[in-house]
Structures are given as structure tokens and as C-alpha cells.
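Novice: I have a structure here, written as C-alpha cells, and I will follow up with some questions on it.
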Amino acid sequence: MKSRIPNMLFFCISMTLSLYSNADIEFDNKSTQHVLSDESVPQWYYLSSSLTDKVLLIEENSGETLQILDRSIPGPFASFIGTDGDYFVAAQNSGEVLRFNGKTGEYINDIIYAGSGGLSRPTAPVITPDGKYIIVGDLDLNGYYRYDGQTGEFIDIFAEENTSPIDGSFMPLFSPHPEFSGKIFFASGFTHSIQYYDIETRAYEGDFVAPGVGGLEVPIGMSFGPDGHLYVASSGTSSVKRYHGKTGEYMGDFVPTGSGGLDGPRAIAFGGLNSDLYVVSNDSNSVLIYDRITGEYLRESSVGGISGFEEPRGLTFSVRPSFFISSSLSQKTKKNYGKHWFKDFWLSLLGYSKVDVEFLLAVDLIDDNPKIELVSITANNNRDPRKDIKGAKYGKQDQSFWLRTINRGDSDKIYTITYRATNYRGGTMLATTTLTIPPSNK
Numbered sequence: 021m022k023s024r025i026p027n028m029l030f031f032c033i034s035m036t037l038s039l040y041s042n043a044d045i046e047f048d049n050k051s052t053q054h055v056l057s058d059e060s061v062p063q064w065y066y067l068s069s070s071l072t073d074k075v076l077l078i079e080e081n082s083g084e085t086l087q088i089l090d091r092s093i094p095g096p097f098a099s100f101i102g103t104d105g106d107y108f109v110a111a112q113n114s115g116e117v118l119r120f121n122g123k124t125g126e127y128i129n130d131i132i133y134a135g136s137g138g139l140s141r142p143t144a145p146v147i148t149p150d151g152k153y154i155i156v157g158d159l160d161l162n163g164y165y166r167y168d169g170q171t172g173e174f175i176d177i178f179a180e181e182n183t184s185p186i187d188g189s190f191m192p193l194f195s196p197h198p199e200f201s202g203k204i205f206f207a208s209g210f211t212h213s214i215q216y217y218d219i220e221t222r223a224y225e226g227d228f229v230a231p232g233v234g235g236l237e238v239p240i241g242m243s244f245g246p247d248g249h250l251y252v253a254s255s256g257t258s259s260v261k262r263y264h265g266k267t268g269e270y271m272g273d274f275v276p277t278g279s280g281g282l283d284g285p286r287a288i289a290f291g292g293l294n295s296d297l298y299v300v301s302n303d304s305n306s307v308l309i310y311d312r313i314t315g316e317y318l319r320e321s322s323v324g325g326i327s328g329f330e331e332p333r334g335l336t337f338s339v340r341p342s343f344f345i346s347s348s349l350s351q352k353t354k355k356n357y358g359k360h361w362f363k364d365f366w367l368s369l370l371g372y373s374k375v376d377v378e379f380l381l382a383v384d385l386i387d388d389n390p391k392i393e394l395v396s397i398t399a400n401n402n403r404d405p406r407k408d409i410k411g412a413k414y415g416k417q418d419q420s421f422w423l424r425t426i427n428r429g430d431s432d433k434i435y436t437i438t439y440r441a442t443n444y445r446g447g448t449m450l451a452t453t454t455l456t457i458p459p460s461n462k
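Following this line, the structure appears as C-alpha cells:
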């Protein structure tokens, strides 16, 4: 009597793969993706026009000027969105920080009044993640002041050139990585470095990016990208450099010198429909957009002669989630098998490994529970990834699926995984992570 085991085995494998079919998802020839509805919710960025004493609200996708804040701001520089969704901007020529309603643009008050604690030429203010402090860079101090995050009352000098290695007090920033919880990063422009300090003790803890690494010259603006890495506007080289988000290792020029006409970059931020990189190009009086994954120049977002700004400085997007992710392959152990252990077991036999996606930071200033969904998984070299991906639930908050890790080719397989976070106002942010599968015979 012939054994039925081979037939049963074939049947089990076929059933397993059919259960993981993605036939109900819409595809294109390069990606496996959930097609999202286009909700036409206006989103914008605030742009500081230093020479005209104005802050403009510019629609992030069309570049149309929606509004100009209803108060003259002497020399507006950098800005931030507060924990309540309001907008705060430093007035460099009057030595104060002003607060505006985040919905209407109406002036509320001077959260930090002119000259408070010695403030005279502020550059970039920021509020700590817990809302406890506002920290403001000042060029005359050549350092940073610290104020109460709710009242704006002066507390102390946080750092200055006589007690720390700071020189050129530009953009402050917080890392999404747990290793740097409780730390603040400073762009020290004239030491050509990125330094970090303890928020509570004010202690200098080291250079995250040492002076001049990667050709860094006069860093001014910086931002953590959708991939969790650090992007820095190197004003002296008219480029944007990328550094590893955990180690500070130089990863290359994300935006090469002069790309798209970039000249004297200031603020940088990720936003827009595809969370691309927006760069304030001060010397060309424009805002330029670059692809969030490749760094390729896409287009101008706005131009001063058309939009009505001159010598742009700060750029801050309207309220949206802060969202960073990372991914890893699980080892093939029994604990990786979920309640559908039989299907998982067969997939592992067929050369698939479990992908685990970690949300490093998924918070929103106005929405405690933003909607998070898996948008797409793409593969390099125009390869269709559908045969390699099993169990991914597109349009859902799916943080675990299966990826075929056998690579019989001669080059790396690179998969780009993208999620979208959306708050109740319609503000969105994309986050991207990549997995690389090297050739199996190497």
C-alpha cells in the first residue's frame, strides 16, 4: 500500500499558503500595499520669514499660503509645537518667545517675555517631551536658557560657552531611541558637531557626532527621520548629512551639496503626504523637497518671491504623530509560533522567518491613540515581493509577519516596510524601516 504522507504533506503546505494569500489587497508591480483613501484634510507648515517679521502657514502639498500670523514677530527664527498643540516661535530681534493658537493662528501671549533671564538673541526653542521645560538657544549667550514649560518663568542657564564645549547655539532635539531618554541634543554650529546633555543635571555627556565627521560644517537644523536616523543640515556645505540614530556613525550625504539648488540650509523636517524631507534653503529663498527614502530632489514646495517670505529660517509642521520604527528577524524557535502554530511551522520549513516591527515612538500631542497601519512592503531591483511576504495585514496595526529569507541571487534583497500614523485631525506621518537579506551562498 502506498504511503499517503507525501500527498498529505503537499495538501498541508497548499492549505497553509492559501491561508496566507493576499488576494484581497491591491498591488502594483513593485509593492505590496494597502491603498489608503485620500482624505483632503488641510495640513501645513509654519515658515519663519526673518526679514519681513512674518510667519506664514503654507499648505504642505500645494505650497499655497493659507495664512499669515496676525502679529508682527521681530526676526522670527525657529519654532515648536507645544504639548497642547499651540505654536511657539522665537523672535530673535526682540529677545522673546511668542505663543499662538495652534488652530486659529491667533496670538495668545509672550510665553517668555523679552529679556527674561538675559534672553536677547534667541535661535531655537524647544519643549521637553514631558512638558516640564522650555529650552532656548541664544547667540549672545552662546548657549541655552531653561524656563518652566508651563509658565515660561526663567529657571537657569542650561549650558554656555564658559562651562561647556558649546559654540553656536542652534537646533535642540530629542532622540526617539530609549538609550537617549532624558537627553537633549544640540547642534553646536561653530564646533561643527552634535552634542548631548542630561536634561535634568545639565551635564555635558559627549559628542554624538564629533567635530567635522562626514564633512559636517556649521550644523543648524536637524531632525530624526522616519527610519530613526539623524539628519543634519550642514549649512557650510549646503548639504544634508545622515548619521546612524543610535551610534552617530556617518552614513553619507543624504542630500548632496547643491542638490536641487540647495544653498545655505537652515531648518529641516519630514512631512507632507509622503513624509518627505523639507529643507529651508535660506540663500535661494525657498523650501525644497527631497524623497524621504532616496534623498532625490523632488521639487520646490514654496518660493519667497511667490509666497511672500524673505530669508526663511524655521520650518515646523502642524500637529501630527511623532513616529519611528525598527524591524528585526526573529530566530527560528518554537516561541515564534503563534496560535496558528501549524501554519507558522510550515512557513519556517519553507525558509520564512518572522519579522517583528517595534514602534520606537508613537505619540501625538493632541491624540493619545493615533491610528497606525501597515501601508506597504516594497523590494529593490523592481522585484515583486508578494512571493516573499506572508501573513502581512495591510491597513491594520500589524507588527509581525513572515518574510522569505532564502536568497539564491548574487545581490542583497532589500525590503522597505512602511507604516502610517494618523491623528483625529488628519495629521499623518509615515515611518519606514528596511530589512536586508544577503545572498544565501555568501
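Take the sequence shown: its letter number 332 is residue 352 in this note's numbering, and every next letter is one higher. Glycine is no exception: its CB is placed at the ideal position from the N, C-alpha and C atoms. Remember, it's a predicted structure, so these values are computed and weren't measured experimentally.
(1) Shortest alpha-carbon distance to Val-146 belongs to which of Ser-301, Asp-130, Phe-210 and Arg-166?
(2) Just to confirm, is the Cβ distance from Tyr-435 to Ile-392 under 8 angstroms?
(3) Evaluate Asp-90 with the Cβ neighbour count: other Cβ atoms within 10 Å of its Cβ, from every protein chain shown; 16 or more gives buried, anything less gives exposed.
(4) DSSP three-state call for Pro-246: helix, strand or coil?
(5) Go through its chain and collect everything with a Cβ distance to Lys-74's Cβ below 6 angstroms, but skip five positions before and after it.
(6) Quick one: Cα of Gly-122 to Cα of Asn-427, how far?
(7) Going by DSSP, what residue range makes up the alpha helix (DSSP H) through Ser-327?
(8) Using DSSP with H/G/I as helix, E/B as strand and the rest coil, what is Leu-67?
(9) The beta strand (DSSP E) spanning Phe-290 covers which residue range?
(10) Taking buried to mean at least 16 other C-beta atoms within 10 Å of its own C-beta, is Pro-198 buried or exposed?
(11) Please classify Gly-137: does DSSP put it in a helix, a strand, or coil?
(12) What whole-angstrom Cβ distance do Gly-411 and Trp-422 have, given they're in contact under 8 angstroms?
(13) In the DSSP assignment, what residue or residues form a beta bridge with Thr-442?
(14) Is the beta carbon of Leu-318 less than 8 angstroms from the beta carbon of Ile-326?
(15) Three or more C-beta pairs under 8 angstroms: does that hold for the segment 189-196 against the segment 127-135?
(16) Here's the rule I'm using: 16 or more other beta-carbon atoms within 10 Å means buried, otherwise exposed. How should Tyr-153 be labelled?
(17) Going by Cα to Cα distance, which pick from Thr-183, Gly-151 and Leu-161 is closest to Asp-168?
(18) Does the segment 270-288 come close enough to the segment 247-259 to have 3 or more Cβ pairs within less than 8 angstroms?
(19) If you follow the beta strand (DSSP E) that Glu-199 is part of, which residue opens it and which one closes it?
(20) Distance check for Gly-272 and Gly-315, CA to CA, integer angstroms please.
(21) Ordered along the chain, which non-local residues of its own chain (more than five positions away) have a Cβ less than 6 angstroms from that of Arg-119?
(22) Under a Cβ-count criterion, where at least 16 other Cβ atoms within 10 Å of its own Cβ denotes burial, should Gly-226 be classed as buried or exposed?
(23) Measure from the alpha carbon of Leu-450 to the alpha carbon of each residue in Asp-311, Arg-406 and Glu-320, then state which is nearest.
(24) In whole angstroms, what is the alpha-carbon distance linking Asn-443 and Gln-63?
Specialist: Reading from the atomic positions:
(1) Nearest of Ser-301, Asp-130, Phe-210 and Arg-166 to Val-146, Cα basis: Arg-166.
(2) no
(3) It counts as exposed.
(4) Pro-246: coil per DSSP, three-state reduction.
(5) Ile-88
(6) Each residue's Cα considered, the two are about 50 angstroms apart.
(7) 324-327
(8) strand
(9) Phe-290 -> beta strand (DSSP E) spans 285-291.
(10) Under this definition Pro-198 is an exposed residue.
(11) helix
(12) Confirmed, Cβ separation roughly 5 angstroms.
(13) Lys-391 and Thr-448
(14) no
(15) no
(16) Label assigned to Tyr-153: buried.
(17) Nearest of Thr-183, Gly-151 and Leu-161 to Asp-168, Cα basis: Gly-151.
(18) yes
(19) Per DSSP, Glu-199 belongs to no beta strand (DSSP E) and is neither H nor E.
(20) 11 angstroms
(21) Asp-106, Phe-108, Ile-128, Asn-129 and Ile-131
(22) Under a 10 Å Cβ-count criterion, Gly-226 is classified as exposed, with fewer than 16 other Cβ atoms of the shown protein chains found around its own Cβ.
(23) Asp-311
(24) 12 angstroms
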